[in-house]
Amino acid sequence: MKTEEPNRAIKLLIAVYIVVGLVYMLWRLGTVNLSAPFFSIPLYAAEIYGYISGLLFILMTYRLTVREAPEPGPGLTVDVYVPTYNESVELIRRTLLAVMRMDYPHVTWLLDDGRRESMRALAEELGCRYLARDNNANAKAGNLNHALKHSTGDFIAIFDADHAPRRDFLMKTLGYFRDERVAFVQTPQDFFNIDSFNHRQGRKRVWDEQALFFKVIQRGKDALNAAFFCGSCAAIRRSAVERIGGFATETVTEDVHTSIRMHKLGYKSIYHAESLAFGLAPHSIDTYLKQRMRWGMGAMQVFRRENILFGRGLTLGQRLNYLASALFFFEGWQKLVFFLMPPLCS
Numbered sequence: 015m016k017t018e019e020p021n022r023a024i025k026l027l028i029a030v031y032i033v034v035g036l037v038y039m040l041w042r043l044g045t046v047n048l049s050a051p052f053f054s055i056p057l058y059a060a061e062i063y064g065y066i067s068g069l070l071f072i073l074m075t076y077r078l079t080v081r082e083a084p085e086p087g088p089g090l091t092v093d094v095y096v097p098t099y100n101e102s103v104e105l106i107r108r109t110l111l112a113v114m115r116m117d118y119p120h121v122t123w124l125l126d127d128g129r130r131e132s133m134r135a136l137a138e139e140l141g142c143r144y145l146a147r148d149n150n151a152n153a154k155a156g157n158l159n160h161a162l163k164h165s166t167g168d169f170i171a172i173f174d175a176d177h178a179p180r181r182d183f184l185m186k187t188l189g190y191f192r193d194e195r196v197a198f199v200q201t202p203q204d205f206f207n208i209d210s211f212n213h214r215q216g217r218k219r220v221w222d223e224q225a226l227f228f229k230v231i232q233r234g235k236d237a238l239n240a241a242f243f244c245g246s247c248a249a250i251r252r253s254a255v256e257r258i259g260g261f262a263t264e265t266v267t268e269d270v271h272t273s274i275r276m277h278k279l280g281y282k283s284i285y286h287a288e289s290l291a292f293g294l295a296p297h298s299i300d301t302y303l304k305q306r307m308r309w310g311m312g313a314m315q316v317f318r319r320e321n322i323l324f325g326r327g328l329t330l331g332q333r334l335n336y337l338a339s340a341l342f343f344f345e346g347w348q349k350l351v352f353f354l355m356p357p358l359c360s
């Protein structure tokens, strides 16, 4: 595994941030007005929170992995899961056609939590496996765990209903499993609807809101064996999932939760930074906010349930990386303090 490190100018900037920020925080401690604690203490806490968040961001992005996909060995058994609930037939059709045309032998499964006859007919038409259950317990995680009981592949690839993979997805991910300690290989979630709510178009390029995470942060996490499973566009070792009792069902973010449990058992994660699948980004602010609310709620649930900072099994780098990801969803209080203090104190 190769890594990229910042150039001298960036390293100098990092050093300046650390030193100046520390000096400022020590100086600010002496300026806290104890005669007005309900104003001064929250403001100082918000500044400390910002400084610590900056340090964690440096940790996550200081070294970025550069990986070349190894060739997969012959004879691997692979199941590909496409979970669905209420997506349209045409959307599922496009996804299944892309999945079924991937290079490397595999079995495609349509996991229908909507129990729709149209989905059963589509699976029969295309020639893939169809699987439904009689309830929707534990949502997507429950759907995936139900599929584990009915399939036998040693490796599993997962795609959301709106994510269509390239033909070489399996060829670019299965080779990493030559290392028996590797539990999963995550790839970026990229999008083809550049007119979505979270895309912005400049004169020379198109930027989307998740680009920083998938193009930079996950690569930095990967350098510390802390990249996490994102629920789609990933390949997973079945035995690793079974060893932790299946996909985590106790929180609404089964992907991150599952990753933590695998890391706690000493498994390795891989982040292959090449876009190998393309899907649909949220079109409206309502969909966008619903998705982010779920992520935020899941981060808080995982933070509490898995005791990220002090629970056994995680390395220091993994603890700090998971902490950084969780803290991102707690920053609302900091913004509230910064917005309210000027009018309140003027």
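If you read the sequence shown in our numbering, its first letter stands for residue 15, the second for the next number, and so on. Every residue, glycine too, gets a C-beta built ideally from N, C-alpha and C.
Contact check, residue i vs residue j, beta carbons under 8 Å
i, j, result
"H177", "S132", "no"
"R252", "D193", "no"
"L140", "L105", "no"
"T122", "V103", "no"
"A197", "A254", "yes"
"R281", "Q200", "In the sequence as displayed, the identity of residue 281 is Tyr instead of Arg. No, the pair does not count as a contact, with Cβ atoms beyond the cut-off."
"V92", "L162", "no"
"F243", "D269", "yes"
"Y144", "A137", "yes"
"Q332", "H277", "yes"
"A171", "F261", "no"
"M116", "P179", "yes"
"T267", "G327", "no"
"L290", "D222", "no"
"R4", "T265", "Any question about residue 4 goes unanswered here, given that the chain covers just 15 to 360."
"G35", "Y65", "yes"
"W309", "F343", "yes"
Identity of the residue in the options nearest residue i by Cα
i, options, result
"L78", "M15, P119, R22", "M15"
"Y31", "S67, L57, I55", "S67"
"L279", "F52, I258, D174", "I258"
"S339", "T201, G327, A241", "A241"
"R195", "G325, N239, E19, W309", "N239"
"A175", "V34, H160, Q203, A237", "Q203"
"T17", "A135, Y99, G234", "G234"
"V113", "G293, L158, S273, A29", "G293"
"I250", "A291, F191, T329", "F191"
"Y118", "R130, P88, V46", "P88"
"F353", "P51, N47, H160, E61", "E61"
"P86", "S283, H160, K186, L43", "K186"
"K349", "G35, N21, Y63, L36", "Y63"
"S283", "L158, L90, D300, D236", "D236"
"T329", "I274, L303, W309", "I274"
Element boundaries [alpha helix (DSSP H), containing residue i]
i, result
"L330", "330–341"
"I62", "51–75"
"V351", "346–359"
"G189", "No alpha helix (DSSP H) holds G189; DSSP gives it neither H nor E."
"R233", "232–237"
Opening and closing residue of the beta strand (DSSP E) in which residue i lies
i, result
"V80", "78–80"
"P97", "92–98"
"A196", "It should be pointed out that residue 196 corresponds to Val in this sequence rather than to Ala. 196–200 is the extent of the beta strand (DSSP E) around V196."
"I322", "Careful: I322 lies outside any beta strand (DSSP E) and carries neither H nor E."
"F173", "Segment: none, F173 is in no beta strand (DSSP E) and carries neither H nor E."
"K16", "16–18"
Cβ separation of residue i and residue j, assumed to be a contact under 8 Å, to the nearest whole Å
i, j, result
"L337", "L358", "Not really, about 30 Å apart at Cβ, beyond 8 Å."
"N335", "M39", "Not really, about 23 Å apart at Cβ, beyond 8 Å."
"D127", "T98", "7 Å"
"G189", "A287", "Contact flag wrong, Cβ pair sits at about 15 Å."
"V80", "L124", "Going by Cβ atoms, the distance from V80 to L124 rounds to 36 Å, so no, they are not a contact pair."
Task: Contained beta strand (DSSP E) runs [length at least 3] in the segment 111–161, N- to C-terminal order - done: 121–126, 143–146
Task: Those runs of the beta strand (DSSP E) which lie wholly inside the segment 241–300 and span at least 3 residues - done: Taking only runs of at least 3 residues, the beta strand (DSSP E) segments lying wholly in the segment 241–300 are 248–251, 282–285, 291–293.
Open item on the list: So within the segment 26–52, which uninterrupted alpha helix (DSSP H) runs reach at least 4 residues, ignoring any that extend past its ends?
Closed with: none
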